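Only one structure is covered here, and it is reproduced in the block below.
There are 2 protein chains.
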Amino acid sequence: MAEPKTLVNPLFLRDEDLRQGIELLFFAYRDFTARGDAILAKQHFGRAHHRVIYFVGRHAGITVSDLLAILRITKQSLSRVLSQLVRENYIEQRTGTSDRRQRLLYLTEKGRTLEQELTSEQQGRFAAAYKDAGAIAVEGFRKVMLGTMDPSSRKHFQAPDKLNDKLNDKPGDK
Amino acid sequence: MAEPKTLVNPLFLRDEDLRQGIELLFFAYRDFTARGDAILAKQHFGRAHHRVIYFVGRHAGITVSDLLAILRITKQSLSRVLSQLVRENYIEQRTGTSDRRQRLLYLTEKGRTLEQELTSEQQGRFAAAYKDAGAIAVEGFRKVMLGTMDPSSRKHFQAPDKLNDKLNDKPGDK
DNA sequence: TATTTAAGTCAAGTATGCTGACGTATTATG
DNA sequence: CATAATACGTCAGCATACTTGACTTAAATA
């Protein structure tokens, strides 16, 4: 419409190459989650449990609503998984101090152990891939991934301090 | 064990950076599939239908067993989705000529239209991301994605002719 | 006090996967 | 040619991870 993109169409923007992008993401994600799924299955957990454990580990003290915003699932879907994890002592809930309606989420020792098992497998995949591909490739990977995701999701990849600000923003919280 | 990796641990192999890789993949995949899911929902289809339509479009005349190998699901799981797509005239089955047990799969016009709608949305995401990031970044993205996936999955990204050879390998097929 | 917010819950439903067991047509093999 | 193997389909049952909608409770806020 406004810009005739067909006139400036580098090789890597051909239909074929764009399909390759789609497929790279498909196969990478499928393989990336497979091993974790297998580990989880032993505990009778699924991928949903993994995601909860991962992000609670990442953001200790996260509220339920912030977790819902990250996962983009419904409260009811989270509820089943979360209450299971609390019941089986992987996650601990503490009443918020500044807002006592909140239930802040933390991993227990048991939860941290499982989180490490799952995360280290996936980190191992990235460690190997990053090492083989090199620093420049890693930066390219980062750029492309950020480019494909919704703009609203990119805020998760700003400076870590800023992210924590966003998640725990109670101004007078000493 | 054999190699003490902790001694050679460049900046981009720190725990934090490896976690960022995990999260880039998570958020990118989540956003990448969201719009398609919404389009599919109108037709009362799900992501499973999308995958079938995509790969049948990509490999016209693929056999059921080759499709199963790509998707890594069971025959029964595919069956439900596939028979629905055949019944509603998105996919056509033709008896194989060299092996009459095979049911070769093709998109119908209706199927091709839906495939295009779904694929072009995702291609648009990659087109924008590739354009912003540049050719070097695209190559880096490709390397890292290939590195994270299982070695067995990398064969899907060899020269396209070779892939077709693999899928339609009837040596004497004139 | 009235409203909003954070979190949890009940009920019902859908999509996608699984296992196991069979059936049928076709091809390959002893 | 009889038997085995292959490609595909299907029936039945089950589990998990999601969904929407309605409602409750407790706490914060206007």
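Quick mapping for you: the protein sequence lines, in order, are chains A and B. Residue numbering for the first sequence follows our numbering, beginning at 1 and increasing consecutively. Residue numbering for the second sequence follows our numbering, beginning at 1001 and increasing consecutively. Backbone N, C-alpha and C fix where the C-beta goes; we use that ideal spot for every residue, glycine too. No experiment lies behind these values; they were computed from the predicted model shown.
Quick check on A:S153 - is its C-beta less than 9 Å from some C-beta in chain B?
yes
Rank B:L1118, B:T1063, B:L1067 and B:S1083 by C-alpha distance to the C-alpha of B:S1098 and give the top, closest one.
B:T1063
Taking just the CA atoms, how far does A:L104 sit from A:T95?
6 Å
Could you confirm whether any beta carbon from chain A is found closer than 9 Å to the beta carbon of B:G1111?
no
Output yes or no for whether 9 Å exceeds the beta carbon distance between B:L1018 and B:G1057.
no
Identify the continuous alpha helix (DSSP H) that holds A:I70 and give its terminal residues.
V64 to L71
At a cut-off of 8 Å, is B:I1136 close to the ligand COA when judged by its beta-carbon and the heavy atoms of the ligand?
In the structure shown, the ligand COA is absent, as is every other ligand, since no ligand is present at all.
Please go through the stretch 1087 to 1134 of chain B and give each complete beta strand (DSSP E) segment of 3 or more residues, from N-terminal end onward.
1091 to 1095 and 1103 to 1107
Are the CB atoms of B:A1137 and A:E139 within a distance shorter than 9 Å?
yes
Give the DSSP-derived three-state secondary structure of A:Q43 in the structure shown.
coil
Contact criterion: CB-CB distance below 9 Å. Does A:T148 meet it with respect to chain B?
yes
What does the alpha-carbon distance come out to for the pair B:H1044 and B:R1035?
14 Å
Could you check what DSSP says for B:G1061 in three-state terms: helix, strand or coil?
coil
Please classify A:A127 as buried or exposed, where buried requires at least 16 other C-beta atoms within 10 Å of its C-beta.
buried
Identity of the residue in A:R125, A:Q84, A:S77 and A:H50 nearest B:V1144 by Cα:
A:R125
Return the CA-CA distance between A:L85 and B:I1091, expressed in angstroms with no decimal places.
42 Å
Own chain partners of B:A1048 with C-beta closer than 7 Å, once the 5 adjacent residues on each side are dropped:
V1081
Cα-Cα, which of B:Q1076, B:Q1102 and B:I1053 is closest to B:E1088?
B:I1053
Within-9 Å CB hit, A:A28 to chain B:
yes
What does the Cβ neighbour count give for A:E115, buried or exposed, with the cut at 16 atoms within 10 Å?
buried
Hey, how far is the Cα of A:S79 from the Cα of A:A69?
14 Å
What is the rounded straight-line gap between the Cα of B:L1146 and the Cα of A:Q123?
15 Å
Partner residues on chain A for B:G1140, Cβ-Cβ distance less than 7 Å
A133, I136, A137, V138, E139, G140 and F141
Exposure label - B:G1046; buried when at least 16 CB within 10 Å
exposed
Residues of chain A with a CB under 7 Å from the CB of B:N1129: which are they?
A small fix is needed here, since residue 1129 of chain B is Ala in this sequence, not Asn. Near B:A1129 (Cβ distances below 7 Å), the residues of chain A are V144, G147 and T148.
Please list, in chain order, the chain B residues whose beta carbon lies closer than 8 Å to that of A:F43.
Checking the sequence, you will find Gln at residue 43 of chain A rather than Phe. Those within 8 Å of A:Q43 in chain B number zero; the least Cβ separation is about 20 Å.
Mind reading off the beta-carbon distance from B:S1153 to A:D37? Whole number of angstroms is fine, and I expect it under 8 Å.
Incorrect: roughly 16 Å between the Cβ atoms, too far for contact.
Using a Cβ-Cβ distance cut-off of 9 Å, determine whether B:G1096 contacts chain A.
no
Taking the alpha carbon of A:E233 as the reference point, which residue from B:L1013, B:G1134, B:H1059 and B:I1022 has its own alpha carbon closest?
Residue 233 of chain A lies beyond the residue range present for chain A, which begins at 1 and ends at 174; the question has no answer from this structure.
Listed from N- to C-terminal order along the chain, which residues in the stretch 57 to 76 of chain A have their beta-carbon within a distance smaller than 8 Å of any beta-carbon of chain B?
R58 and R72
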